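Okay, so here's the structure we're looking at.
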Amino acid sequence: MPQRNSSRFWRKHRDQQASRLRFAPHQALPFRPKRSDFDTIVADTVQGLAERAISDAIAGLRIERLESRIGKSTAQHSHMTRSLKDALNAKAKDLLAAEERIRELESSHSIAAQIDWMLLIEEVSHPKQGAVLSAIPD
Numbered sequence: 001m002p003q004r005n006s007s008r009f010w011r012k013h014r015d016q017q018a019s020r021l022r023f024a025p026h027q028a029l030p031f032r033p034k035r036s037d038f039d040t041i042v043a044d045t046v047q048g049l050a051e052r053a054i055s056d057a058i059a060g061l062r063i064e065r066l067e068s069r070i071g072k073s074t075a076q077h078s079h080m081t082r083s084l085k086d087a088l089n090a091k092a093k094d095l096l097a098a099e100e101r102i103r104e105l106e107s108s109h110s111i112a113a114q115i116d117w118m119l120l121i122e123e124v125s126h127p128k129q130g131a132v133l134s135a136i137p138d
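In C-alpha cells form, the structure reads like this:
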C-alpha cells in the first residue's frame, strides 16, 4: 500500500507542474508589462519598422538604379553589336565584289594569254614578209 500512495502523489505532482507550465495564447509572456514598458515596446517596434521601411526604400532605389544602368548597358551593347554586324556585312560584300573582280581579271588575263599565244604561233607558222621575228623570246 505505501507504494500506491507514493505513485498517486507523484502523478498529482506531475500534473500540477504541467498545468503551471502551460500558458494560454494571451499569456505568452509570464509577466504583464507595465503601461510605460508597453509604450516603449510599441515605440521601439514602430521605430524599427520605420527604419526597415526606409532601408527597403533605399534598397529599392538602388535596385532601380542598377536596373537602369543594366538597361542602358544592354542597349549600348545591342547598338554596338548591330553596328559591328553591319560593318562586317559591308566588308563581306566588299570581299565578295573583290573576289568577283579577281575572277574577271583572271579570266580576261587567261583569254589574253591564249590570244597572245595563238598570234605568236600564227606568226611563227606563217611569217609575213618583212615581219621581225626578233620579238620571239628564246
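Everything in the sequence shown is counted per UniProt numbering, starting at 1 for the first residue and increasing by one. C-beta atoms are modelled at their ideal positions from N, C-alpha and C, and glycine is treated no differently. A quick note: this is a predicted structure, and the numbers were derived from the prediction, not measured.
Separation of D39 and E51 (C-alpha to C-alpha, rounded to the nearest whole angstrom) is 18 Å. Linking M118 to L95 through their CA atoms gives a straight-line distance of about 34 Å.
Taken through DSSP and simplified to helix, strand or coil, H109 comes out as helix.
For Q114 and E104, the gap between their C-alpha atoms comes out near 15 Å.
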